[in-house]
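Protein chains in written order, with my numbering: chain A, 314 to 429; chain B, 2 to 134. Written below as C-alpha cells is the structure these notes are about.
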Amino acid sequence: MRLKQRIVVGAVSVLAFSGLPVFVAGAQADPSCTVSVSGSTSGKSYTVNFTKNPCGRKVRAYVGCIYTDTFYRSTKYGKTISGTGTSKATCDSRDVIEKRGHQVYVPGQGWTTYPH
Amino acid sequence: MRIRPLSAVAALTIAAAGTLLAGTPASAASKTCAVDQGSVYDVCFDADGDKFIVNDLRKDGMRAVVKWKAMDGSGRVGQCADTDGAFNAAKVCDYDFKEGPQNYVLFTGFIQDGPRGAAQFISYTYTGYISAK
Chain A
314 MRLKQRIVVG AVSVLAFSGL PVFVAGAQAD PSCTVSVSGS TSGKSYTVNF
364 TKNPCGRKVR AYVGCIYTDT FYRSTKYGKT ISGTGTSKAT CDSRDVIEKR
414 GHQVYVPGQG WTTYPH
Chain B
2 MRIRPLSAVA ALTIAAAGTL LAGTPASAAS KTCAVDQGSV YDVCFDADGD
52 KFIVNDLRKD GMRAVVKWKA MDGSGRVGQC ADTDGAFNAA KVCDYDFKEG
102 PQNYVLFTGF IQDGPRGAAQ FISYTYTGYI SAK
C-alpha cells in the first residue's frame, strides 16, 4: 500500500516540479502523517521542499559531506520546520556531498532518515 | 595473514607525490601496522574484526588519523581518527569489509590539525588483507 501511494504521489510531484528528484517519506506509525517532499542540489547544498506535512511533524534536510583529501565525513542539517516549506543543508566549502535526504521526527521514535 | 606492502599505491592519494615507498609493516597474526611513523602514531589494521586502530603518540594538539580504501569491490573509503589526545587509549573503528581471498584495504596514517588540516607525517601506504591468506 505504501509503495502504491509513493508512486502516485511521486508521479504527481514530478509533473509539478519538472524533473527534480521527488520523494515521499512514510511516517511509519501513522500513514495519514505521510510527509511529501522534493529536493534539489545546488553546489554544496541540498534543499528539501516539504510539500505535505499533515501532522505538522518536525522535519529537516540533511547532507552527508566528505572531505576527499582525508575522507573525513560530517553531517549537516538544515533548519527544522514543523509544517511545509524548505530546509537547506550545506556542506563545508571544502567538502563534497556524499549523501543527501531528509529526516522526520516521530514522537517516541526520534529522527528517521530518508535518503534520496 | 600475509602482509604485502603496497602494490596499488595510486589508489590512495594522500601521500606526497613521488615519495611513496613500499613500507615494511609490522604484523602479528591478523594485524598489519604502519611502522614508518612509529614515534608519532600507531596505525594498524586488524583483519580479525575488520578494525582500524589508531593511537596518538605525540602531544602536539593534532589528531592521528588513518585514511583507508577498501579494495573489496565496494569502493568504500573512510578514516578513523584518534582525537582525544595523546598517550591514552587507542581509537578503534570497527568495519565490516567484504571477505575474499583477493580483498584488501589500503591505508595511510598521518596527523593533522583539525578534521581538514593539512596532513603531516604521512606514512607509507600499507596493504592489509581482509581475509587470512
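We treat Cβ as the ideally placed atom computed from N, Cα and C, and that holds for glycine.
Comparing C-alpha distances from cysteine 45/B to each of Val93/B, Asp114/B and Thr84/B shows the shortest one belongs to Val93/B. By the Cβ-count criterion, glycine 79/B is buried, with 16 or more other Cβ atoms from all chains shown falling within 10 Å of its own Cβ. Taking CB atoms only, threonine 383/A has a neighbour in chain B less than 9 Å away.
The residues Val44, Gly110, Ser124 and Tyr127, in chain order, have a CB closer than 6 Å to that of alanine 35/B in the same chain once the five nearest residues on each side in sequence are set aside. DSSP places cysteine 346/A in the helix class (H, G or I) of the three-state scheme. Counting along the chain, the unbroken beta strand (DSSP E) around valine 93/B starts and ends at 92-95. Assignment of beta strand (DSSP E) within the segment 29-55 of chain B, counting only whole runs of 3 or more residues, yields 32-35 and 42-47 in chain order.
Here the segment 369-389 of chain A lies against the segment 401-412 of chain A, with 3 or more beta-carbon pairs under 8 Å apart. For glutamate 100/B, the CB contacts under 7 Å within the same chain, skipping 5 residues up- and downstream, are Ile131 and Ser132 in chain order. Annotated three-state conformation of alanine 119/B is coil, per DSSP. DSSP places aspartate 83/B in the strand class (E or B) of the three-state scheme.
Here DSSP, grouped into helix, strand and coil, assigns cysteine 368/A to coil. The DSSP-derived three-state label of lysine 60/B is coil.
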